[in-house]
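Per the working numbering: the sequence shown = residues -13 to 99.
Note that beta-carbon positions come from the ideal geometry of N, C-alpha and C, so glycine has one too.
Notes follow once the structure below has been shown.
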Amino acid sequence: MDCIFCRIVAGDAPADIVYEDDIAVAFRDIKPAAPTHILVIPREHIAGPLDLDDENAPIAGHVLAVAAQVAHQEGLADDGYRLVTNQGRNGGQSVFHLHVHLLGGRRMTWPPG
Ligand code: AMP
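Put into structure tokens, the structure is as follows:
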């Protein structure tokens, strides 16, 4: 299995990493959709939100907590930001390793496209 996010976790592919710990890594998206666009991923390969269960749910919870920490770090806490996780074709998922998009620095619209 060739997963670009696993390669980033392993240090085998370049990334602009802004935070990392034993469970999660956060790095800047190569194609930013907002002034601040960071991806927070678990080190463990989980294909997407559909693969979450009671056993790995703590990892997903930690990923969300890291997103909050990085939001503070990036100065997004006061004005707010958006978290997005896409699943499958209709969700628009293109990388099949669980990730949360942390988007900030501009006013988001709703509903999403
Ligand atoms: P999604 O379409 O929700 O699966 O999001 C995947 C995101 O990963 C997209 O926003 C891509 O721009 C981003 N992406 C893909 N490859 C890389 C990479 N090597 N480094 C940083 N971001 C990436």
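In the three-state reduction of the DSSP assignment, residue 25 falls in the strand class, which pools E and B. When distances are taken from the beta-carbon of residue -4 to the heavy atoms of the ligand AMP, even the shortest one reaches 7 Å or more. For the pair residue 45 and residue 21, the CB atoms are not nearer than the 8 Å cut-off.
Under the DSSP assignment, residue 87 falls in the beta strand (DSSP E) whose first and last residues are 86 to 90.
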